[in-house]
Amino acid sequence: MATDIRSSVLLTGGGSHLQGPLGADWVPDLIQAEPQLKEHHYWVVVLVARDQELPLLSRILDELRKDAPETKVILINEGLSITNLKKLINRNHPFKILIGFREDLLPDLVTQALEEFQLTRQNSDLLNLVHDQNERLKKLNKELEVKVEKRQKYLSRARERVLRTNLQVEALHGALLAIHQAQSVSEMERHLNEALAKHLQLSWTRILFSSQSSLLGNDQFSASGSIRVYKAPLHIGKKRSGSICFARPIEKPDFGGDEIDFCNQIAETVALAIDRLKTLEQTRSLKAQWEATFDAIAEPLCITDSQYKVIRMNRAYMISSGRPYNELLGKDCFEALSGRKAPEDVQSGQVQRWEVFPTNDKDRQVWDISQKPLSLRSNPDKVRILFFRNVTDQLRMERQVLEGAKMAELGTIGSSIAHELNNPLGGIMSFLQLIRMDLDPDSEIKEDIEAMEEAARRCKEIVENLLGFARWDGASDSQTFDLGDVITQAVRIMELQTRSQGITLKAQIPEESCQIKGQPSHLSQALRNLLQNSIDAVTEKMIQDPGYPGCIDVRLIAERNSYQINIDDNGPGIPSKDQQKIFNPLYSTKSTGHNPGLGLTVAFTIISDHGGVLEISSQPGTGTSARISLKRPDLKA
14 MATDIRSSVL
24 LTGGGSHLQG
34 PLGADWVPDL
44 IQAEPQLKEH
54 HYWVVVLVAR
64 DQELPLLSRI
74 LDELRKDAPE
84 TKVILINEGL
94 SITNLKKLIN
104 RNHPFKILIG
114 FREDLLPDLV
124 TQALEEFQLT
134 RQNSDLLNLV
144 HDQNERLKKL
154 NKELEVKVEK
164 RQKYLSRARE
174 RVLRTNLQVE
184 ALHGALLAIH
194 QAQSVSEMER
204 HLNEALAKHL
214 QLSWTRILFS
224 SQSSLLGNDQ
234 FSASGSIRVY
244 KAPLHIGKKR
254 SGSICFARPI
264 EKPDFGGDEI
274 DFCNQIAETV
284 ALAIDRLKTL
294 EQTRSLKAQW
304 EATFDAIAEP
314 LCITDSQYKV
324 IRMNRAYMIS
334 SGRPYNELLG
344 KDCFEALSGR
354 KAPEDVQSGQ
364 VQRWEVFPTN
374 DKDRQVWDIS
384 QKPLSLRSNP
394 DKVRILFFRN
404 VTDQLRMERQ
414 VLEGAKMAEL
424 GTIGSSIAHE
434 LNNPLGGIMS
444 FLQLIRMDLD
454 PDSEIKEDIE
464 AMEEAARRCK
474 EIVENLLGFA
484 RWDGASDSQT
494 FDLGDVITQA
504 VRIMELQTRS
514 QGITLKAQIP
524 EESCQIKGQP
534 SHLSQALRNL
544 LQNSIDAVTE
554 KMIQDPGYPG
564 CIDVRLIAER
574 NSYQINIDDN
584 GPGIPSKDQQ
594 KIFNPLYSTK
604 STGHNPGLGL
614 TVAFTIISDH
624 GGVLEISSQP
634 GTGTSARISL
644 KRPDLKA
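Here the numbering used here is used: the first residue of the sequence shown is 14, the next is one more, and so on.
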């Protein structure tokens with residue numbers, strides 16, 4: 014490596030002591046440098062520039078530019094005027110110029126120059142390589158052109174031979190192609206005549222079945238009027254099904270032996286094609302019947318491969334997925350229908366219940382899924398047919414019937430409990446009040462008596478709520494009112510509580526009137542009960558996290574067939590294990606210090622008596638949503 018460096022760098026002037034560190038050759042002046050540069054090609058040359066040596070320096074630089082243009086020149090300016098320096102720069106473009114001999118900068122500049130030289134040489138080598146490759150490509154291109162020309166001449170001669178051969182089989186090929194492309198007998202006749210007219214000198218071609226054979230007589234050969242006819246028999250299996258008639262002008266010669274053999278070959282192919290057309294027509298008819306039956310099934314069905322990729326689906330499946338036929342082919346049948354992957358435990362012949370939870374819980378769907386294996390000759394791989402049945406509405410109705418039955422039972426139980434407990438509780442509260450009045454202000458048991466009175470009062474409120482629920486009559490005092498006004502009223506009442514607790518309560522009410530028939534005061538009570546539940550939940554979350562931004566959103570949406578009221582909060586949510594119990598009488602997730610009451614139960618009953626549906630959905634840790642759906646008055650039966 015050291016030898017390469019010494020032979021690549023030339024120093025002139027006062028840099029002899031750098032000869033070793035730089036691994037360079039050194040000469041004291043430009044006079045000795047000139048022959049050195051002619052004898053050896055240096056990568057980097059360090060030259061001293063003085064006005065008195067300008068002609069010699071210019072000659073050396075001109076020779077370097079001519080003989081070694083890649084060499085990098087570093088000039089040490091020792092008294093060279095600015096004018097002469099500019100001339101040198103404009104004419105020779107040195108790599109670097111130092112003002113005076115700088116030992117601290119020169120080694121780094123030499124290293125940079127070496128790197129620049131190597132980069133320049135690499136680029137030059139690449140250019141040379143590209144040039145050589147281009148020359149080779151040109152040579153190969155010329156050779157290829159010569160070969161192509163020879164090949165074209167050979168192909169031209171071969172085409173002539175093939176053309177002569179094709180003329181011999183063109184008629185047969187055209188006839189076979191016409192037969193197999195035809196979709197009907199009349200189309201087959203037309204295509205055959207076009208294909209054979211030139212070769213057999215035909216005027217027309219007709220296919221006659223057994224019942225039509227007598228139209229042209231029973232003779233195999235016939236000549237009448239202006240035509241000659243040859244009738245080739247058509248056989249399907251061992252049974253003759255008709256004839257194919259080839260007719261040519263009378264002035265043309267009779268059909269010869271080769272032509273008759275050729276016509277008989279055509280007849281054999283035509284017989285097979287006619288049999289194929291009949292089978293194809295039957296297959297199409299059966300296929301159309303099967304497709305009509307498949308599409309007539311109201312529940313979504315699809316046929317898949319072993320990986321549940323859709324091969325075929327019925328119309329109900331396309332409607333349920335909301336995608337066209339072409340987009341569903343090859344897709345995962347479960348993902349296309351609901352956005353979920355195939356369940357791992359789906360088993361053949363067994364019904365599996367599958368819940369789909371989109372981002373909008375309102376569109377939650379429940380499907381019953383079953384599958385059966387299919388054995389198809391055309392597809393030896395494992396093929397399945399999957400049955401999808403949307404049971405969302407069925408389960409919702411079952412749940413509503415069950416909740417309705419619970420409410421009826423609660424009414425009966427509530428009435429009995431309320432009447433049995435109301436009088437004793439009233440007596441207890443009166444007695445406790447008398448005791449409290451007789452006590453001294455500093456009595457030790459005064460605090461206990463007040464606690465007992467508060468507990469009795471809370472029990473009485475529960476009983477009164479229960480009695481009010483039992484006496485609920487949804488048919489009385491019915492009137493038409495604006496649902497938006499009722500929501501606004503309920504929100505304003507609850508805002509007094511939310512503002513004091515730092516909870517944001519927002520309501521979105523459409524500008525158009527949302528008229529509905531019922532009891533506005535009762536419906537307002539139901540909304541306040543639901544809002545109170547949300548306030549309690551958000552308050553609990555804010556107690557756990559003092560900086561938590563509590564929020565409750567109320568939205569009224571006027572849909573085509575109904576009004577939707579959505580109440581969403583960002584409280585802690587309801588645990589999954591408790592979500593099935595929320596409508597149970599007196600059940601609550603609140604702490605003991607809160608009065609559980611019958612708020613949700615009363616709200617459910619009021620909404621049901623208004624012909625609506627109340628649904629509660631919750632994600633633990635995220636919040637709870639209440640969905641109220643009320644039919645428009647003009648849609649009620």
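Ideal Cβ positions, reconstructed from N, Cα and C, are used throughout, including at glycine.
Cβ neighbour criterion (16 or more within 10 Å) applied to residue i
i, result
"Val499", "buried"
"Ile89", "buried"
"Met450", "exposed"
"His204", "buried"
"Trp380", "buried"
"Ile529", "buried"
"Arg253", "exposed"
"Val567", "buried"
"Ile516", "buried"
"Arg289", "exposed"
"Val476", "buried"
"Thr25", "buried"
"Asn546", "buried"
Residues bridged to residue i [DSSP beta-bridge criterion]
i, result
"Cys258", "Arg219, Lys244"
"Phe114", "Per DSSP, none; premise fails for Phe114."
"Tyr576", "Ala571, Leu643"
"Arg397", "Thr317, Pro386"
"Lys322", "Asp345"
"Gln593", "DSSP lists no partner for Gln593."
"Leu23", "Asp38, Val58"
"Glu628", "Arg640"
"Leu518", "Ile565"
"Trp303", "Answer is none; Trp303 lacks a bridge partner."
"Phe108", "Bridge partners of Phe108: none, in fact."
"Gln407", "Paired residues: none, contrary to the question."
Nearest-angstrom Cα separation, counted from residue j out to residue i
i, j, result
"Thr7", "Pro68", "Because the chain in this structure spans residues 14 to 650, residue 7 falls outside the shown range and cannot be described."
"Asn105", "Leu98", "10 Å"
"Gln510", "Phe400", "52 Å"
"Val123", "Phe114", "13 Å"
"Leu209", "Thr296", "30 Å"
"Val61", "Glu116", "14 Å"
"Arg640", "Pro337", "32 Å"
"Thr133", "Glu340", "57 Å"
"Ala520", "Arg512", "14 Å"
"Met14", "Asn103", "Any reading at Met14 must be qualified, since the residue scores a pLDDT of 42, below 50, and its modelled position is unreliable; the value itself is stated next. Cα-Cα distance, rounded: 35 Å."
"Asn542", "Asn579", "14 Å"
"Cys315", "Gln514", "55 Å"
"Asn327", "Trp303", "11 Å"
"Thr618", "Glu411", "16 Å"
"Asn608", "Gln592", "Residue confidence is low: Asn608 scores 46 on pLDDT, short of 50, so the model does not pin down where it sits. No coordinate-derived value is stated."
"Lys473", "Gly439", "8 Å"
"Ala311", "Asn435", "56 Å"
"Leu118", "Ile87", "11 Å"
"Gly487", "Gly531", "Any reading at Gly487 needs caution, since the residue's pLDDT is 49, under 50, leaving its predicted position unreliable; the model's value is listed next. Straight-line Cα distance between these residues: approximately 8 Å."
"Gln538", "Ile595", "18 Å"
"Lys291", "Val159", "56 Å"
"Thr372", "Glu200", "Because the pLDDT at Thr372 is just 42, under 50, the model does not fix this residue reliably, and the point stays unresolved."
"His659", "Leu101", "This structure leaves residue 659 out entirely; the chain is present only between 14 and 650."
"Ala236", "Lys244", "11 Å"
Proximity below 8 Å, CB of residue i to CB of residue j
i, j, result
"Pro120", "Leu35", "yes"
"Tyr55", "Leu31", "no"
"Tyr2", "Arg645", "Residue 2 is absent from the model: the chain starts at 14 and stops at 650."
"Leu111", "Asp64", "no"
"Arg241", "Lys265", "yes"
"Glu466", "Leu445", "yes"
"Leu221", "Ser197", "no"
"Ile279", "Ala188", "yes"
"Leu293", "Arg261", "no"
"Ile192", "Thr282", "yes"
"Gln6", "Ser351", "Absent from the structure is residue 6, since the part of the chain shown begins at 14 and ends at 650."
"Ala301", "Ile249", "no"
The ligand SAM heavy atom lying under 7 Å from the CB of residue i
i, result
"Glu116", "Of ligands this structure carries none, so the ligand SAM is not represented either."
### Query
So does the stretch 521-530 actually touch the stretch 564-580, counting three or more Cβ pairs closer than 8 Å?
Result yes; three or more Cβ-Cβ pairs closer than 8 Å.
### Query
Counting pairs of Cβ atoms below 8 Å between the stretch 615-630 and the stretch 548-562, do you hit three or more?
They do not touch, by the three-pair rule.
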